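Notes follow the structure.
2 protein chains.
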Amino acid sequence: MTQRSDQIRLGAFLMATGHHVAAWRHPGAKADAGADLEHYVAIARTAEDAGFDMVFLADSQGSMVDQEDPAASRFVSQVATFEPITLLSAIASRTSHIGLVATATTTYYEPYLLARLFASLDLLSGGRAGWNLVTSALRQEAQNFNLDHHPEPEARYARAEEFADVTKGLWQSWQDDAFPRDKASGVFFDPARIHPLNHRGAHFSVAGPLNVPRSTQGHPVVVQAGSSEPGRALAARTAEVIFTAHQTLESAQAFYADIKGRLPAFGRRAEDLRIMPGVFPVVGATEAEALEKYEELQSLILPEVALRFLASVFNRPELLEHPIDEPLPDWLEVDGRASRPALLLELARREGLTARELHLRVAGARGHWTIHGTAASIVDRLEAWFDGYGADGFNIMPPYLPGGLDDFVGHVVPELQRRGRFRKSYAGTTLREHLGLPYPTHPHHAIRAEAAE
Amino acid sequence: MTQRSDQIRLGAFLMATGHHVAAWRHPGAKADAGADLEHYVAIARTAEDAGFDMVFLADSQGSMVDQEDPAASRFVSQVATFEPITLLSAIASRTSHIGLVATATTTYYEPYLLARLFASLDLLSGGRAGWNLVTSALRQEAQNFNLDHHPEPEARYARAEEFADVTKGLWQSWQDDAFPRDKASGVFFDPARIHPLNHRGAHFSVAGPLNVPRSTQGHPVVVQAGSSEPGRALAARTAEVIFTAHQTLESAQAFYADIKGRLPAFGRRAEDLRIMPGVFPVVGATEAEALEKYEELQSLILPEVALRFLASVFNRPELLEHPIDEPLPDWLEVDGRASRPALLLELARREGLTARELHLRVAGARGHWTIHGTAASIVDRLEAWFDGYGADGFNIMPPYLPGGLDDFVGHVVPELQRRGRFRKSYAGTTLREHLGLPYPTHPHHAIRAEAAE
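Order-wise, the sequence lines are chains U and B. For the first sequence, the residue numbers in the numbering used here are 271 to 723. For the second sequence, the residue numbers in the numbering used here are 271 to 723.
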């Protein structure tokens with residue numbers, strides 16, 4: 271392992287009313303936040319004022335409404351909200367430094383469409399965009415794209431591998447100095463500095479060039495969130511940030527070592543990829559106050575929501591009839607390739623949790639690391655994960671908004687800064703600069719790199 | 271024809287440095303405007319301060335670079351710029367009233383992706399979005415989407431018909447009052463007020479619902495730009511605004527009468543669809559100054575650019591060898607279905623124009639109506655087209671930016687206002703309100719309409 275910076279990276283993973291499943295019912299939450307641009311602009315600015323590396327938005331190309339039984343979903347707040355690329359574009363023009371990462375699926379986009387949207391977000395934000403590559407998980411998505419069933423993981427990842435290559439190739443279409451724009455001669459671009467892609471592969475034929483010039487960070491940062499084996503393989507080759515879910519330091523360390531260990535095979539260094547587990551933090555002035563805040567949120571969950579959550583995660587409708595205060599049934603098994611259900615079942619079996627207890631344990635963070643405590647005790651744990659090589663930083667998942675982010679920014683960030691582990695102001699202007707990631711020089715003519723460094 | 275408002279509608283059709291083919295070489299143009307968000311925000315605000323109904327952006331899913339001979343395109347400024355949906359999203363959060371219309375193709379998008387992007391732009395702008403439906407024209411686009419050749423017009427329009435229906439259906443997924451968001455009971459949405467689409471057609475199977483709620487204008491305004499027969503048929507059934515190109519009032523009147531005459535067959539009224547021809551205006555304090563400004567722009571065109579333009583429009587590379595100061599060759603013919611080449615050839619033959627003269631005539635406006643003069647003489651002509659039922663308004667195509675828009679806003683708009691033909695301030699906040707278009711009530715439960723009107 272090469273020498274590592276001691277600076278912790280922070281993302282703000284924003285969901286309209288917050289990450290807790292009942293966040294929208296919290297007295298401090300704005301129930302219609304998912305349709306309120308000004309709400310998002312305000313919380314992005316809060317994160318920017320605190321020096322966060324980025325805001326991060328999830329996505330799916332379908333609504334979470336249960337198609338057979340819409341009434342079953344009526345307690346769910348994330349059924350309809352903004353599309354993240356447009357939302358981040360709107361936020362881009364009202365912020366100046368913070369990175370802007372949107373999730374988008376390789377399974378239902380075409381690479382030219384997606385490469386363009388992200389390149390444009392990157393250009394208009396002055397080099398602050400990131401693309402969180404996912405292959406989609408909801409059955410509802412398939413049915414919005416001419417399919418009855420979601421493709422199998424192998425097929426999705428085979429497409430994703432080629433999709434990532436095409437997208438990165440399109441982002442190399444124009445060299446950084448391709449546009450002399452010389453009014454006197456009338457020459458707008460230098461034809462020697464274009465690189466059309468002319469890709470012909472199993473899934474895509476894409477000629478290029480992209481019709482968007484490169485941004486000041488070269489191209490968007492590539493983020494990934496899958497922790498399955500094909501997800502890890504793709505991430506080790508192409509990702510620059512990994513967003514991941516771990517309940518324990520041991521699990522995080524094993525993942526961290528595995529991913530970083532795969533990098534040299536692709537000619538990559540450990541510092542070329544940042545691993546950022548999700549953290550769901552509940553901050554109090556005392557440990558007791560933090561616990562009380564956490565339990566207030568938990569008390570807002572309806573029992574029906576808990577059972578529906580488990581039935582959905584494990585894809586077993588029978589769980590709707592399961593007695594909520596008994597352990598999960600013995601017959602429940604999971605497909606080892608789907609990492610989140612496996613993690614939840616293992617947790618429930620290990621600790622003998624009832625259905626209600628399992629749901630309450632993961633309700634807010636959906637399998638991510640949940641911590642409550644004072645700023646000092648939270649920073650102790652973040653430092654332990656960072657210093658123990660379980661993380662390069664964290665994707666912070668505020669329990670509810672804006673209060674949950676305000677608590678973190680008001681108490682945890684200053685404690686991180688006091689200990690010298692987090693920036694007090696931005697040193698650069700691009701997401702790559704914040705994250706300390708290398709500039710993607712052009713493979714054919716690395717002119718900018720030669721001139722600038 | 272029913273009683274018509276006497277108010278002229280105005281769109282600002284924005285291209286980075288302006289519409290003239292050599293606009294970027296003008297001393298007053300910012301050559302890198304196509305990569306400068308602040309440039310676009312400033313001109314959108316200029317148009318908003320003047321009370322324009324909307325800004326309008328063109329699009330193609332490919333670069334105008336000649337793939338066989340990139341050097342041949344080196345004088346072209348529109349080879350790489352922002353993607354319009356992301357750009358308008360960024361502009362949305364810095365403006366408050368002006369409509370925001372982006373072009374997007376039904377040939378290479380999937381309807382769920384496109385319906386979502388525009389619904390989200392509509393939501394975050396407070397009901398100001400419009401979608402200009404096109405079926406694409408560039409061969410380069412096909413080659414970015416797994417095809418060797420662009421599909422034939424019949425195939426493109428068959429897909430576009432179904433695409434438009436699916437998109438509008440997805441925009442009806444949620445009733446306006448579908449979200450009680452009741453914290454006490456925990457009910458976020460009312461399952462009786464969702465309308466999944468469950469569409470199964472020749473081109474698309476889309477279950478829905480869309481995962482974006484409706485905006486305050488119901489859904490984006492549907493704009494169309496095709497003037498071919500299948501384009502007219504589709505527009506008469508689905509469009510709410512038509513952007514069109516005419517050189518003469520007679521041509522505009524014939525088009526206007528044809529389109530408005532088709533509406534009753536679809537149960538639509540004349541005022542349900544606004545016809546807005548493009549206008550390329552050069553404004554001067556005197557007629558002589560206007561002509562001088564126009565000729566200054568024309569003088570910036572390189573002869574090679576003129577021949578390449580004609581070779582491209584007519585898809586005949588032999589025109590590159592044609593003597594620029596002779597009339598178009600006798601052998602040149604056009605496919606009657608492609609409306610723009612037919613219009614240009616007819617113009618050249620009618621007036622006996624040389625290749626250079628034809629190009630100079632249409633260079634700036636690419637077949638649209640070019641006028642130069644004082645504010646009063648320009649308004650005379652706009653009024654004549656409006657009062658003669660050739661137009662419900664105009665899509666203004668500034669020759670260069672920002673100067674060409676500043677001239678129009680500073681001189682022509684005040685003259686229109688003085689004559690009582692254009693608003694002095696916005697009466698509403700949505701694009702539909704500006705254009706006087708009906709609110710799209712929900713076909714199943716027109717609750718909002720009943721309650722509000």
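Even glycine gets a Cβ: it sits at the ideal position worked out from N, Cα and C. Since we're looking at a predicted model, the values are computed, not measured.
Review point. Per DSSP, what kind of secondary structure is B/L671 in: helix, strand or coil?
Key: As a working note, residue 671 of chain B is residue 401 in the second sequence. It is coil, neither helix nor strand.
Review point. With a Cβ-Cβ cutoff of 9 Å, do U/A293 and U/S347 count as a contact?
Key: Position 23 of the first sequence, counted from the start, is the residue given in the question as residue 293 of chain U. Position 77 of the first sequence, counted from the start, is the residue given in the question as residue 347 of chain U. Yes, the pair counts as a contact, with Cβ atoms nearer than the cut-off.
Check your understanding: If you compare alpha carbons, which of B/L671, B/T640 and B/T644 is closest to B/F664?
Key -> Within the second sequence, residue 664 of chain B is the residue found at index 394, counting from 1. Minimum Cα distance to B/F664 is reached at B/T640.
Review point. Got a sec: which bits of the stretch 353-381 of chain B sit with their beta carbon under 9 Å from any beta carbon on chain U, in order along the chain?
Key: For the stretch 353-381 of chain B, which is checked against every Cβ of chain U, the residues closer than 9 Å are E353, P354, I355, T356, L357, L358, S359, A360, I361, A362, S363, R364, Y378, Y379, E380 and P381.
Review point. If you run the structure through DSSP and keep just helix, strand and coil, what is B/H367?
Key: Residue numbering aside, residue 367 of chain B sits at position 97 when the second sequence is read from its first letter. Residue state, collapsed to three classes: coil.
Practice item. Hey, could you find the ends of the beta strand (DSSP E) U/V457 is sitting in? Key: Walking along the first sequence from the start, residue 457 of chain U turns up at place 187. Looking at the DSSP string, U/V457 is not in any beta strand (DSSP E), and its letter there is neither H nor E.
Check your understanding: Given a limit of 7 Å on CB to CB distance, which residues of the stretch 293-311 of chain U reach chain B?
Key -> Those residues of the stretch 293-311 of chain U that come within reach of chain B (Cβ to Cβ, closer than 7 Å) are W294, R295, A301, D302, A305, L307 and V311.
Review point. How many angstroms separate the CA atom of B/L705 from the CA atom of B/Q331?
Key: What you label residue 705 of chain B is simply residue 435 of the second sequence in a count that begins at 1. What you label residue 331 of chain B is simply residue 61 of the second sequence in a count that begins at 1. Answer to the nearest angstrom: the Cα atoms are 28 Å apart.
**Study point:** Contact with chain U by B/D460, beta-carbon distance below 9 Å
**Key:** Residue mapping note: residue 460 of chain B aligns to position 190 of the second sequence, counting from 1. True, the Cβ-Cβ gap to chain U drops below 9 Å.
Check your understanding: Along chain B, which residues have their Cβ under 8 Å away from the Cβ of U/S695?
Key -> Residue mapping note: residue 695 of chain U aligns to position 425 of the first sequence, counting from 1. None at all; the shortest Cβ gap to chain B is about 23 Å.
Exercise for review: Can you give me the Cβ contacts of B/V575 inside the same chain, cut-off strictly under 7 Å, excluding the 5 residues immediately before and after it?
Suggested key: Taking the second sequence and counting its residues from 1, one reaches residue 575 of chain B at position 305. Once the five neighbours on either side are set aside, the close Cβ partners of B/V575 are V291 and F345.
Review point. When the Cα atoms are used, what is the spatial distance from U/S359 to B/L357?
Key: Residue mapping note: residue 359 of chain U aligns to position 89 of the first sequence, counting from 1. Residue mapping note: residue 357 of chain B aligns to position 87 of the second sequence, counting from 1. So the two alpha carbons sit approximately 7 Å from each other.
Point to revise | Listed by chain order, chain U residues near B/G456 by CB distance under 7 Å | key: Mapped onto the second sequence, residue 456 of chain B falls at position 186. Ordered by position in chain U, the residues that pass the 7 Å Cβ test against B/G456 are R295, F345 and L572.
Check your understanding: From the beta carbon of B/W444, is the nearest beta carbon of chain U less than 9 Å away?
Key -> For the purposes of this step, residue 444 of chain B is identified with residue 174 of the second sequence, where counting begins at 1. At least one CB atom of chain U sits nearer than 9 Å to the CB of B/W444.
Practice item. Report the residue ranges of all alpha helix (DSSP H) runs contained in full by the stretch 511-569 of chain B; include only those spanning at least 4 residues, in chain order. Key: Whole alpha helix (DSSP H) segments, 4+ residues: 519-532 and 557-568.
**Study point:** Range covered by the alpha helix (DSSP H) that runs through B/I641
**Key:** Against the second sequence, residue 641 of chain B aligns to sequence position 371. Annotation for B/I641: no alpha helix (DSSP H) segment contains it, though the beta strand (DSSP E) segment containing it runs W639 to G643.
Point to revise | Alpha-carbon to alpha-carbon, B/G690 and B/E653 | key: Counting from 1 along the second sequence, the entry for residue 653 of chain B is found at position 383. Counting from 1 along the second sequence, the entry for residue 690 of chain B is found at position 420. Rounded to the nearest whole angstrom, the CA to CA distance from B/E653 to B/G690 is 11 Å.
Review point. Along chain B, in chain order, which residues have C-beta atoms closer than 8 Å to that of U/T351?
Key: The sequence position of residue 351 of chain U within the first sequence is 81, counting from 1. Correct list: N481, V482 and P483.
Check your understanding: Which residues share a DSSP beta bridge with U/S347?
Key -> As a first step, residue 347 of chain U must be located in the first sequence, where it is residue number 77. None; U/S347 has no bridge partner.
Check your understanding: Do B/F283 and B/G762 come within 9 Å of each other at the CB atom, strictly closer than that value?
Key -> Residue 762 of chain B lies beyond the residue range present for chain B, which begins at 271 and ends at 723; the question has no answer from this structure.
Exercise for review: Identify whether U/M335 lies in helix, strand or coil by the three-state DSSP scheme.
Suggested key: Position 65 of the first sequence, counted from the first residue, corresponds to residue 335 of chain U. In the sequence as presented, Met is not what sits at residue 335 of chain U; that position holds Val. Coil, per DSSP.
**Study point:** Three-state secondary structure (DSSP) of U/G663
**Key:** As a position in the first sequence, residue 663 of chain U is number 393, starting the count at 1. In the structure shown, U/G663 sits in a strand (DSSP, three-state: E or B).
Check your understanding: Under a Cβ-count criterion, where at least 16 other Cβ atoms within 10 Å of its own Cβ denotes burial, should B/P599 be classed as buried or exposed?
Key -> Translated into the one-based positions of the second sequence, residue 599 of chain B becomes position 329. Under this definition B/P599 is an exposed residue.
Practice item. Name the two residues that bound the continuous alpha helix (DSSP H) containing B/V724. Key: In the structure as shown, chain B begins at 271 and stops at 723. Residue 724 of chain B is therefore absent and cannot be evaluated.
Check your understanding: So with Cβ pairs under 9 Å, would you call U/K530 a contact of chain B?
Key -> Looking up residue 530 of chain U in the first sequence gives position 260. Chain B, which has no Cβ nearer than 9 Å to the Cβ of U/K530, makes this no.
Practice item. Can you grab the Cα-Cα spacing for the pair U/P611 / U/D435, in whole Å? Key: By one-based count along the first sequence, residue 611 of chain U stands at place 341. By one-based count along the first sequence, residue 435 of chain U stands at place 165. Between U/P611 and U/D435, the C-alpha separation is close to 29 Å.
Review point. So which of B/A535, B/Y378 and B/L628 has the shortest CA-CA distance to B/F579?
Key: Numbered from its first residue, the second sequence carries residue 579 of chain B at position 309. Restricting attention to B/A535, B/Y378 and B/L628, the CA atom closest to the CA of B/F579 is found in B/L628.
Point to revise | DSSP bridge partner residues for U/T373 (one or two, in chain order) | key: One-based indexing of the first sequence puts residue 373 of chain U at position 103. Bridge partners of U/T373: U/N402.
Review point. For the putative contact between B/A385 and B/W441, defined by C-beta atoms under 8 Å, what is the C-beta separation to the nearest angstrom?
Key: For this step, residue 385 of chain B is matched to residue 115 along the second sequence. For this step, residue 441 of chain B is matched to residue 171 along the second sequence. Contact between B/A385 and B/W441 holds: CB atoms are separated by about 6 Å, below the 8 Å threshold.
**Study point:** Helix, strand or coil at B/G488 [DSSP, three-state]
**Key:** The count along the second sequence starts at 1 and reaches residue 488 of chain B at position 218. B/G488: strand per DSSP, three-state reduction.
Exercise for review: Identify whether B/D418 lies in helix, strand or coil by the three-state DSSP scheme.
Suggested key: Residue numbering aside, residue 418 of chain B sits at position 148 when the second sequence is read from its first letter. Of the three classes helix, strand and coil, the one that applies to B/D418 here is coil, per DSSP.
Review point. Of the residues that make up the stretch 665-692 of chain U, which ones have a beta carbon closer than 8 Å to any beta carbon in chain B?
Key: Residues: none.
Exercise for review: Report yes or no: do the stretch 388-397 of chain B and the stretch 501-517 of chain B share at least 3 C-beta pairs separated by less than 8 Å?
Suggested key: Here the stretch 388-397 of chain B makes no contact with the stretch 501-517 of chain B; the two share fewer than three CB pairs at distances below 8 Å.
Point to revise | Contact list for B/N416 against chain U, beta-carbon separation under 9 Å | key: As a working mapping, residue 416 of chain B is identified with position 146 in the second sequence. What B/N416 touches in chain U, judged by beta-carbon distance under 9 Å, is E380, H473, F474, S475 and V476, going in chain order.
Review point. When burial is assigned at 16 or more other CB atoms within 10 Å of the CB, is U/K530 buried or exposed?
Key: Translated into positions along the first sequence, residue 530 of chain U becomes position 260. With 16 or more other Cβ atoms within 10 Å, it is buried.
**Study point:** Backbone secondary structure at U/I313 - three-state DSSP
**Key:** As a working mapping, residue 313 of chain U is identified with position 43 in the first sequence. The DSSP-derived three-state label of U/I313 is helix.
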